[in-house]
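Here the structure is laid out as structure tokens; the discussion comes afterwards.
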Amino acid sequence: MTVRLYDTKAQALADFVPLEEGKAGIYVCGPTVQSSPHIGHLRSALVYDQLRRWLTYRGYDVTLVRNVTDIDDKILANATETDPWWALAYRFELEFSSGYRRIGIQAPTYEPRATASVTEMQAIIQRLIDRGHAYAASDSSGDVYFDTMSWPAYGELTRQKPENMEAATDADPRGKRDPRDFALWKGHKAGEPESASWASPWGAGRPGWHIECSAMSSRYLGTAFDIHGGGLDLRFPHHENELAQSTAAGDSFASLWVHNGLVNVGGQKMSKSLGNSIFASEFLELARPLVVRYYLGSAHYRSTIDYHDGALVEAEAALERIESFIDRVDRRLDDTRFAGSGLPVVPEAFAAAMDDDLSVPQALGVLHETVRAGNAALDNEDLQAAADARGAVLAMTEVLGINPLSAEWATVGAAETDRALAALVERLIEDRNAARAAKDFTAADRIRDELAAAGISVEDGPSGSHWSIA
RNA sequence: GGUGGAGUGGCCGAGAGGCUAGGCAGCGGCCUGCAAAGCCGUCCACACGGGUUCGAAUCCCGUCUUCACCUCCA
């Protein structure tokens, strides 16, 4: 089976054919660490986490590089004398890392910072100047621009013609040959901190936006690599410019371009001006991290997610079906020869869905179908089938990063408190079952109501009563 | 104006010429002392108007609505 992905540049599904047999090199545009992460940032990172997990399951040795852009106009603009740009950038970087970790996004193979690759950026800029695709500004700004008119392929990623493009507003246009030219290097300006200035052949300054990704992708993955990913909103200008820079400099660059959909709220994109952004920290207060992951990861990666009230409740209900099956099957198989068994292999239909442009919604259909079959097997006391379903369910949830038994979701509860609670609840359940045996259902129901009031639900089954914290 | 998407049942969300996912909610049943959970069954669909076809949610033409991007964006 071949993994197929939708290539934005070709506007078609393409077989994933790695440059090197058995390996996959992925570069993902990470955040510009200028403010706190919102749920769109989480979704984006999650999409590539799913891609990485699936390629890994398929046997590829995946190298995932996700950058941190830690120098840019807004970071400098948001800094103050007491809160320097580098401290501000690092603080937000930590917030991003924390958000990613909480929803179980595996750390990338490497996470390079733009400020650590300025030398590599300058080398690309020099190559572009040498090849006639970049020039130093004609004014005294010290800026260096990419010469869009010198590169006929400019616009190929987003299929736009230069005459339909608006002027780039990233620098004073007086130094530009064409208003659509964009800055590769920005000359140091009076008032900007010295710590944000690097020496260069064109004078002291700092990198423009876009060049960092060309530099870091080639530095860590090579001048030709397999997949370039990022948010849909980065297609233009960011990815268009990256592509132009790298290819004009002579690099092959990415074989495939993958873009993830955005997260909307009330039908509109989150934006600062509308004030409708949902930040990661507040979202994670609304539901367990595992539920947040299930929710953000259950839509197809290319579709827009429109968040609405109640969405997390629905996600929680769906997830609980899976969790309660795993819990139920493990309780039933405990002390039998099937305990802990079931091959950790995903069903063929699940694999086919994932291979087909990472069709997670279809894959989830297979997962839920397997849960249903597993529950039916338990109802029929078919322990072999139940164990098989268990293995398949765990394999599927592991690939999707929603395996409830995985260490990252373990609650760090105090074991002693848990033990004390268990002793008390089990004592009450004994009383209740004694009452039930004596047909004193008033007393039995009173105990169940009391437990429910304390947030504990009781389920009676053939092998006894099972309690859980609701 | 240019570029690329979307419109599916009460809600979410797949599918892409005949097989009509899945989840949540609803209804009926089984199980249960009653529940819960689970299982079985079931109701409710493809924005609109034409066309192609034996057959269209799916293909074609047109219309409407809507979103994103067009140099801050995940």
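In this note's numbering, the protein residues as written are 50 to 519. C-beta: ideal position from N, C-alpha, C; glycine also.
#1: Taking the alpha carbon of L311 as the point to measure from, which residue in E70, I354 and A472 has its own alpha carbon closest?
#2: Can you have a look at H259 and say buried or exposed, based on whether 16 or more other CB atoms are within 10 angstroms of its CB?
#3: If you draw a straight line from the C-alpha of E479 to the C-alpha of L470, how long is it?
#4: Going by Cα to Cα distance, which pick from D98, R150, E369 and G440 is closest to I518?
#5: Check the DSSP bridge columns for W234 and list the partner residues they point to.
#6: Can you tell me where the beta strand (DSSP E) holding D56 begins and where it ends?
#7: Sorted by chain position, which residues of the same chain lie with C-beta nearer than 7 Å to A126's C-beta, five sequence neighbours on each side aside?
#8: How many whole angstroms separate the CB atoms of Y33 and I327, which I take to be in contact at a CB cut-off of 8 Å?
#9: Does the distance from the CB of I174 to the CB of A183 come in under 8 Å?
#10: Cα-Cα, which of T460, R468, T81 and A59 is closest to L339?
#11: Got a sec, what are the start and stop residues for the beta strand (DSSP E) F490 sits in?
#12: Quick one: what's R35 bridged to in DSSP?
#13: Going by DSSP, what residues sit across from I152 in a beta bridge?
#14: With distances taken between CB atoms, is the gap from H90 to A329 smaller than 8 Å?
#15: Which first and last residues belong to the alpha helix (DSSP H) in which I391 is found?
#16: Quick one, which of T57, R53, T51 and V52 has its alpha-carbon nearest V308's?
#17: Go ahead and pull the three-state DSSP assignment for Q175.
#18: Within 10 angstroms of the Cβ of T385, are there 16 or more other Cβ atoms? Answer buried if so, exposed if not.
#19: I'd like the list of long-range same chain contacts for T81, defined as Cβ closer than 6 Å, with 5 residues on each side in sequence excluded.
#20: Grab the span of the alpha helix (DSSP H) containing G271 for me, first residue to last.
#21: Would you mind sorting F195 into buried or exposed? The rule is 16 or more other CB atoms within 10 Å of its CB.
#22: Taking a contact to mean a Cβ-Cβ separation below 8 Å, would you say R524 touches I75 in this structure?
#23: Spatial neighbours of A216 within its chain, please: CB distance less than 8 Å, with the 5 preceding and 5 following residues excluded, ordered by chain position.
#24: Check whether the Cβ atoms of V77 and L113 sit closer than 8 Å, and answer yes or no.
#25: Label P86 either buried or exposed according to how many other C-beta atoms from any shown protein chain fall within 10 Å of its C-beta, with 16 as the threshold for buried.
#26: Taking S301 as the reference, give the member of E430, G271 and N325 with the closest Cα.
#27: Quickly, what does DSSP pair E97 with across the bridge? List them, please.
#28: Taking the straight line between their C-alpha atoms, what separation do you get for Q99 and D358?
#29: What ranges does the beta strand (DSSP E) occupy inside the segment 260 to 327, keeping only unbroken runs of at least 3 residues that lie completely in it?
#30: Looking only at its own chain, which residues have a Cβ that is under 6 Å from the Cβ of T51, when we skip the five neighbours before and after it?
#31: For W134, tell me which candidate among H417, S244, D179 and G391 has the shortest Cα-Cα distance.
#32: Decide if the segment 364 to 381 is in contact with the segment 417 to 435; the criterion is three or more beta carbon pairs, one per stretch, under 8 Å apart.
#33: Is it buried or exposed, E397, if we count other Cβ atoms within 10 angstroms and call 16 or more buried?
#34: Along the chain, where does the alpha helix (DSSP H) that runs through E162 open and close?
#35: Could you give the distance in angstroms between the alpha-carbon of G224 and the alpha-carbon of P157?
#36: Compare the C-alpha of A336 against each of D498, K238, R151 and Y97 and name the closest.
The structure says:
#1: For the options E70, I354 and A472, the alpha carbon positioned closest to that of L311 is the one of I354.
#2: buried
#3: 14 Å
#4: E369
#5: V193 and P256
#6: R53 to D56
#7: none
#8: The question about residue 33 has no answer here: the residues shown for the chain are numbered 50 through 519.
#9: For I174 and A183, yes; Cβs fall inside 8 Å.
#10: T460
#11: DSSP places F490 outside any beta strand (DSSP E); the residue lies instead in the alpha helix (DSSP H), whose first and last residues are F490 to A502.
#12: The first residue shown for the chain is 50 and the last is 519, placing residue 35 beyond what the model contains.
#13: According to DSSP, which records beta bridges pairwise, I152 is partnered with nothing at all.
#14: yes
#15: A small fix is needed here, since residue 391 is Gly in this sequence, not Ile. From DSSP, G391 is part of no alpha helix (DSSP H); its letter is neither H nor E.
#16: For the sequence presented, residue 308 should be read as His rather than Val. When only C-alpha atoms are compared, the closest one is T57.
#17: helix
#18: exposed
#19: T118 and D121
#20: Looking at the DSSP string, G271 is not in any alpha helix (DSSP H), and its letter there is neither H nor E.
#21: With 16 or more Cβ atoms within 10 Å of its Cβ, F195 is classed as buried.
#22: Nothing in the structure corresponds to residue 524, since the chain is present only between 50 and 519.
#23: P222, P228 and R229
#24: Yes.
#25: It counts as buried.
#26: Considering only alpha carbons, the answer is G271.
#27: In the sequence on display, residue 97 carries Tyr and not Glu. DSSP lists no partner for Y97.
#28: Rounded to whole angstroms, Q99 to D358 spans 25 Å at the Cα level.
#29: Every beta strand (DSSP E) stretch that sits fully inside the segment 260 to 327 and reaches 3 residues is listed by chain position as 273 to 280, 302 to 309 and 312 to 314.
#30: D64
#31: S244
#32: A contact exists between the segment 364 to 381 and the segment 417 to 435.
#33: exposed
#34: It should be noted that the sequence gives Arg, not Glu, for residue 162. It is not in any alpha helix (DSSP H) - R162 carries neither H nor E in the DSSP assignment.
#35: Answer to the nearest angstrom: the Cα atoms are 39 Å apart.
#36: R151
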